[in-house]
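J.: Here it is: the structure, laid out below.
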Amino acid sequence: MLRHLPNLICVARIALVWPIVVALRDGRHDLALALFTVAAVSDGVDGFLAKRFNWTSELGKFLDPLADKLLLVAVFVSAAWSGLAPWWLAAAAIARDLVIAGGALVFRLWFGPLQGRPTILSKVNTALQILFLVAAILHAAHQLPPREVVAALAIATFVSTVASGADYVTRFATRAWSLPPRARGA
400 MLRHLPNLIC VARIALVWPI VVALRDGRHD LALALFTVAA VSDGVDGFLA
450 KRFNWTSELG KFLDPLADKL LLVAVFVSAA WSGLAPWWLA AAAIARDLVI
500 AGGALVFRLW FGPLQGRPTI LSKVNTALQI LFLVAAILHA AHQLPPREVV
550 AALAIATFVS TVASGADYVT RFATRAWSLP PRARGA
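Numbering (our numbering), first residue to last: 400 to 585.
Written as structure tokens, this is what we have:
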């Protein structure tokens, strides 16, 4: 039973998305912050458990990134809609995820299974996205951190988002190009 704990945590993270969105919509920033923080921490917990105890599964390989993407996309859109995050940053974060998902799908369909794990740059980007959203919601709730810090985090997050998206595109293209000509359809 414990072997399935990481997957259950992913499902719980997915279940938290709607209450976070509703809390942001209703201006209940303390509740949104608490729920978002629990969801963000759960991402690290399920990953740690899966790796530490070898509780990985094919379902988990699907659920974990799905839960992450649903959480971040929903909170970015809600935060932008509520005026807590700039639309240009929300659009960049969503576009990055769409490019990665589209690239992975194309690679899978044309070249076969895509082996790999998130890059360091991708992990830094995810951490910055979470940090920015926490800072933006915290600022809305308590005027801390200062607006200038939130703005600086937005710019750093944007830069890492674009860099991470470009890194994935480069990696997909390099990997596809390195395949034998027959595998590339040439």
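Even glycine gets a Cβ: it sits at the ideal position worked out from N, Cα and C.
Let me know if D429 comes out buried or exposed under the rule of 16 or more other beta-carbons within 10 Å of its beta-carbon.
T.: Burial call: exposed.
J.: Compute the Euclidean distance between the alpha carbons of F447 and S456, then round it to the nearest angstrom.
T.: The straight-line gap from Cα to Cα measures roughly 14 Å.
J.: When DSSP labels each residue in this structure, what does W483 get in the three-state scheme?
T.: In the sequence as displayed, the identity of residue 483 is Leu instead of Trp. Three-state DSSP puts L483 in coil, outside helix and strand.
J.: Can you tell me which of the three DSSP states L543 falls into?
T.: Three-state DSSP puts L543 in coil, outside helix and strand.
J.: Whose CA, out of T518, A526 and A572, lies closest to the CA of A553?
T.: Considering only alpha carbons, the answer is A526.
J.: Express the C-alpha separation of P512 and F506 in angstroms, rounding to a whole number.
T.: If I take the Cα positions, the gap works out to 8 Å.
J.: Would you tell me roughly how many angstroms separate the C-alpha atoms of L469 and E547, rounded to the nearest one?
T.: The straight-line gap from Cα to Cα measures roughly 28 Å.
J.: Report yes if the CB atom of A484 is closer than 8 Å to the CB atom of A478, and no otherwise.
T.: Cβ distance < 8 Å, so A484 and A478 count as in contact.
J.: Pop quiz: I536 and L462 are said to be a contact at Cβ under 8 Å. What is the actual Cβ separation, rounded to whole angstroms?
T.: Not confirmed; about 25 Å, so no contact.
J.: Which whole-angstrom value is the C-beta distance of L532 and V476, which I expect to be below 8 Å?
T.: L532 to V476, Cβ: 11 Å. No contact.
J.: By how many angstroms is the C-alpha of V410 removed from the C-alpha of V437?
T.: Answer to the nearest angstrom: the Cα atoms are 13 Å apart.
J.: Can you check the region 459-530 for any alpha helix (DSSP H) of at least 4 residues that lies completely inside it and give the ranges in chain order?
T.: Fully enclosed alpha helix (DSSP H) runs of 4 or longer: 486-510.
J.: Taking the continuous alpha helix (DSSP H) assigned at R424, which residues delimit it?
T.: Taken as a continuous stretch (DSSP letters only), the alpha helix (DSSP H) holding R424 covers L404 to R424.
J.: Could you work out which residue in L530, L543, L404 and A550 is closest to W486 when comparing CA atoms only?
T.: When only C-alpha atoms are compared, the closest one is A550.
J.: Can you round the beta-carbon distance between F557 and L504 to whole angstroms, since I take them to be within the 8 Å contact cut?
T.: So it is not a contact: roughly 25 Å between Cβ atoms.
J.: For a test of the three-state rule: what should DSSP assign to F452, helix, strand or coil?
T.: F452: coil per DSSP, three-state reduction.
J.: On the CB-based measure, 16 or more other CB atoms within 10 Å of its CB, does T518 come out buried or exposed?
T.: Its Cβ having fewer than 16 others within 10 Å, T518 is exposed.
J.: Report the rounded CA-to-CA distance for S481 versus I408, giving the unit in angstroms.
T.: If I take the Cα positions, the gap works out to 28 Å.
J.: What residues in its chain sit with their C-beta under 7 Å from that of A540, if we drop five residues either side in the sequence?
T.: Within the same chain, A540 has close Cβ partners H428, D429 and L432.
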